[in-house]
Amino acid sequence: MKSHLPNHPTQLYFIRHGEVEERYHKVFGGSRIDMALSPLGLKQGQAVADWLKDTPMDALYASPMLRVQQTLSPMARQQNLQPELMSGLREIDFGDWTGSRWDEVQANFGVSAFDWLEIIESNGIPHGEGVQSIKMRVQDCLLQILHAHPHQRVAVFCHGGIIRVMISLLLEVPLAHMAHFNIEYGSISMVELLPERKHAVEIELLNFQPPV
């Protein structure tokens, strides 16, 4: 029986997709470019599955984007789980930045790409997704997952930007503060939630990359 006992916390495993094709490295792909994984990215998906093979999940949720589907495939097969796809977990729409390399953002838009979270929070990306829209769709996903799986263990496969949004919502901190946290390709971050505790949300694992 996978489910936790009632006095155990809900555990959310946030897993970023593996490395993408080389031509998209340091490129703002967002939700408009449905890129595939690189050979290393495929290995990272298997490494995640292997590292969590003795950590049975009660459910698996995921972004519908290709790079995420390729990453989760080994774990879904290994744990015999059918992933539930949620469009609200798709990556952020980077508007006019889409397809731009990080260095091109400075040249073409006059801002530093390293400030991307702060710029998103101020709705500063031309024709990009508004911060309230991002937060609302991600919050809706979180609430659905938490309502469906109290005191259980759930894997959520998605994107670096979305993982930062989820953690910022759970910790109730500004999204821009998440610039202090790196979320690498093929990394696992785990959050525990137990409303009965004074500190109801605790980060137990952050940006861990299982060895390939």
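In case it helps, this note's numbering puts the sequence shown at residues 19 to 230.
Using N, Cα and C, we set each Cβ at its ideal position, and we do this for glycine too.
The model shown is predicted, which means the values in this text are computed figures rather than measured ones.
Roughly how far, in whole angstroms, is the beta-carbon of residue i from the beta-carbon of residue j, given that I think they are within contact range, below 8 Å?
| i | j | result |
| --- | --- | --- |
| I143 | F175 | Wrong, their Cβ atoms sit about 25 Å apart, outside the cutoff. |
| P27 | E210 | 4 Å |
| M184 | F32 | 6 Å |
| E190 | M208 | Rounded, the Cβ-Cβ distance is 18 Å, inconsistent with contact. |
Out of the options, which one is the CA nearest neighbour of residue i?
| i | options | result |
| --- | --- | --- |
| H177 | D68, T73, S81 and A94 | S81 |
| K153 | G179, V172 and K71 | G179 |
| A54 | L30, M104, L84 and Q100 | L84 |
| L107 | D114, Q97 and Q162 | Q162 |
| R155 | S105, W115 and D68 | S105 |
| I110 | H217, D68, E139 and A173 | E139 |
| A173 | H167, A218, H165 and Y79 | Y79 |
Using the rule of at least 16 other Cβ atoms within 10 Å of the residue's Cβ for burial, across every protein chain shown, is residue i buried or exposed?
| i | result |
| --- | --- |
| E37 | buried |
| Q100 | exposed |
| F226 | exposed |
| Q170 | buried |
| E147 | buried |
| G59 | buried |
Give me the Cα-Cα distance between residue i and residue j, rounded to the nearest whole angstrom.
| i | j | result |
| --- | --- | --- |
| S118 | E214 | 45 Å |
| T89 | H43 | 17 Å |
| S205 | V86 | 12 Å |
| Q124 | P228 | 33 Å |
| S186 | F199 | 11 Å |
| H145 | H35 | 25 Å |
Hey, is the region 43–50 in contact with the region 68–77, meaning 3+ C-beta pairs nearer than 8 Å? With a cut-off of 8 Å, the region 68–77 and the region 43–50 do not count as touching, because too few Cβ pairs lie within range.
Are the region 91–99 and the region 124–135 touching, with three or more C-beta to C-beta distances below 8 Å? Not touching, per the Cβ criterion.
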